[in-house]
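In UniProt numbering, the protein residues as written are 1 to 393. Each residue gets a CB set at the ideal place from its N, CA and C atoms; glycine is no exception. Take a look at the structure set out below.
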């Protein structure tokens, strides 16, 4: 890593944008490229290329359209239904971070929040705002970045090196929205392995909670892999129902070889009129400011528990799936898979759960089979199985 990036010195990272968030909310370390420079690959073609191994998913993009009126309405209902829970969870996460780190920080040595693009971005922005609330008991100096992580290819090493060079004395906490199977946790752990030697100059930036502790924070952690999470529930996180229009209008990231620079992304300027990114943040943030529930210090975990690994194994065997990437658990991941991929069927714990209304609506619209399996798939409320387009192996 050092040889590739030895030319990266302390730089002014403010030259990088914040998507459609405020500049004070986040600095997104992505190389924004023009939509016209990216091949718009139809979903069915993309699925065949991915599953046959001809192309990696991070080499292609299916450009997003604005959500339908029904989709928008269901998002608005989810936000109304979930805003108090989301605000409470953010408050408890901020309070716990403050309790863990309070004695170590000042403006010269802030806590560094690194959100994993894209699902982590809204959660990181909410945390950044919470920690910046001057009159709260959980205020803490922090700086927030958005960084790409790609399954099989890892965390963007160029972006991480830029952050480390700019904040050599600050601990980093990685932020994601939720966990599904724990694949991103494993990707993160693999990417950070180079820092796990206590003699590495950046060891303390990463492994401040212990030599093997990956400091991953999530809003929800059904997979049981996060160091810190507000809950292990699979619930209707409102930001999980939309893609770019709740994630700063930023596309899913595209891989770039490290010697060529940062991972790439598209900014969907054509979706500005449909963008909820700032409105989502403002809604949850305003709700947080008027909460009067007692603060709760959340538990932290030194090691992943992988509490759903056996369930995923059973489902893979039952549905004859050898490639686990075709199994997309959690309401948020199941919904995104329907919007971005080519699903074979949806598994639900309940036929009537209010948190899966959008999912069920999309299934009806696209004639996707639904299997209601009850307690068998808990703690997940929903799982999408991606259609097999080619040989898995």
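By Cβ distance, which residues of its chain are closer than 6 Å to residue 144, with the 5 residues on each side in sequence left out?
Stepping through the chain shown from its first residue, residue 144 is reached at position 144. If we look at residue 144 and ignore the five residues flanking it on each side, its Cβ neighbours are 26, 113, 124, 128.
With three or more C-beta pairs closer than 8 Å as the rule, is the segment 342-355 touching the segment 376-391?
The segment 376-391, when compared against the segment 342-355, does touch it at the 8 Å Cβ threshold.
Going by C-alpha distance, which of 331, 293, 344, 131 is nearest residue 357?
Within the chain shown, residue 357 is the residue found at index 357, counting from 1. Taking only the C-alpha atoms, the option nearest residue 357 is 331.
Could you spell out where the alpha helix (DSSP H) holding residue 333 opens and where it closes?
Along the chain shown, read from residue 1 onward, the residue named residue 333 stands at position 333. Taken as a continuous stretch (DSSP letters only), the alpha helix (DSSP H) holding residue 333 covers 331-340.
Beta strand (DSSP E) containing residue 218: first to last residue?
Locating residue 218 in the chain shown gives position 218, counting from the first residue. Here the beta strand (DSSP E) through residue 218 covers 216-220.
How many Å lie between residue 115 and residue 322 at the Cα?
Here residue 115 corresponds to residue number 115 of the chain shown, with the count starting at 1. Here residue 322 corresponds to residue number 322 of the chain shown, with the count starting at 1. Between residue 115 and residue 322, the C-alpha separation is close to 30 Å.
Where residue 241 and residue 199 are concerned, what is the direct C-alpha to C-alpha distance, given to the nearest angstrom?
Start at 1 with the first residue of the chain shown, and residue 241 comes out as number 241. Start at 1 with the first residue of the chain shown, and residue 199 comes out as number 199. C-alpha separation (whole angstroms): 43 Å.
Once DSSP output is grouped into helix, strand and coil, what is the label at residue 305?
Start at 1 with the first residue of the chain shown, and residue 305 comes out as number 305. Three-state result, residue 305: coil.
Could you check whether residue 386 and residue 341 sit closer than 8 Å to each other, using their CB atoms as the reference points?
Walking along the chain shown from the start, residue 341 turns up at place 341. Walking along the chain shown from the start, residue 386 turns up at place 386. Cβ distance < 8 Å, so residue 341 and residue 386 count as in contact.
Our contact map puts residue 89 next to residue 230 with C-beta atoms below 8 Å; I'd like the distance itself, whole angstroms only.
Indexing the chain shown from 1 puts residue 89 at position 89. Indexing the chain shown from 1 puts residue 230 at position 230. About 3 Å; that satisfies the 8 Å criterion.
Straight-line CA distance for residue 311 to residue 297?
What you label residue 311 is simply residue 311 of the chain shown in a count that begins at 1. What you label residue 297 is simply residue 297 of the chain shown in a count that begins at 1. About 29 Å.
Given residue 82, which residues of its chain have a CB within under 8 Å of its CB, disregarding the five upstream and five downstream residues?
Taking the first residue of the chain shown as position 1, residue 82 is located at position 82. For residue 82, where only same-chain residues beyond five positions count, the Cβ hits under 8 Å are 235, 236, 237, 238.
For residue 129, which of helix, strand or coil comes out of DSSP?
Taking the first residue of the chain shown as 1, we reach residue 129 at position 129. In the structure shown, residue 129 sits in a helix (DSSP, three-state: H, G or I).
Count the other CB atoms, across all protein chains shown, that sit within 10 Å of the CB of residue 12; report buried if there are 16 or more and exposed otherwise.
Position 12 of the chain shown, counted from the first residue, corresponds to residue 12. Result: exposed.
Do residue 227 and residue 219 have their CB atoms nearer than 8 Å?
Translated into positions along the chain shown, residue 227 becomes position 227. Translated into positions along the chain shown, residue 219 becomes position 219. No. Outside cutoff.
Can you check which of these residues, 146, 169, 150, 168, is closest to residue 159 by C-alpha distance?
What you label residue 159 is simply residue 159 of the chain shown in a count that begins at 1. Of the candidates 146, 169, 150, 168, the one whose C-alpha sits nearest the C-alpha of residue 159 is 146.
Which ranges would you report for the alpha helix (DSSP H) in the segment 48-127 if only whole runs of at least 4 residues count?
If we require 4 residues or more, the alpha helix (DSSP H) runs fully inside the segment 48-127 come out as 69-101.
Kindly indicate the opening and closing residues of the beta strand (DSSP E) around residue 175.
Counted from its first residue, the chain shown places residue 175 at position 175. 172-178 is the span of the beta strand (DSSP E), which, as asked, contains residue 175.
On the CB-based measure, 16 or more other CB atoms within 10 Å of its CB, does residue 15 come out buried or exposed?
For the purposes of this step, residue 15 is taken as the residue at position 15 of the chain shown. The residue in question, residue 15, is exposed, as its Cβ has fewer than 16 Cβ neighbours within 10 Å.
Can you tell me whether residue 359 is buried or exposed, with buried defined as 16 or more other CB within 10 angstroms of its CB?
Against the chain shown, residue 359 aligns to sequence position 359. Classification of residue 359: buried, given that the 10 Å Cβ count is 16 or more.
Of the choices 275, 373, 305, whose alpha-carbon is the least far from that of residue 314?
Against the chain shown, residue 314 aligns to sequence position 314. The option with the nearest alpha carbon to residue 314 is 373.
Going by alpha carbons, who is nearest to residue 63 out of 276, 269, 327?
Here residue 63 refers to the residue found at position 63 of the chain shown. It is 269 whose Cα lies nearest to the Cα of residue 63.
Let me know the beta strand (DSSP E) ranges lying completely inside the segment 227-295, each 3 residues or longer, listed in chain order.
As far as the segment 227-295 is concerned, its whole beta strand (DSSP E) runs of at least 3 residues are 228-231, 264-266.
How far does the beta strand (DSSP E) with residue 16 in it reach, from first residue to last?
For the purposes of this step, residue 16 is taken as the residue at position 16 of the chain shown. Segment: none, residue 16 is in no beta strand (DSSP E) and carries neither H nor E.
Within 10 Å of its beta-carbon, does residue 333 have 16 or more other beta-carbons around it, so buried, or fewer, so exposed?
Sequence index remark: in the chain shown, residue 333 carries index 333 (1-based). It counts as buried.
Using DSSP's beta-bridge definition, name the partner residues of residue 40.
Locating residue 40 in the chain shown gives position 40, where the first residue counts as 1. In the DSSP output, where bridge partners are listed per residue, residue 40 has 61.
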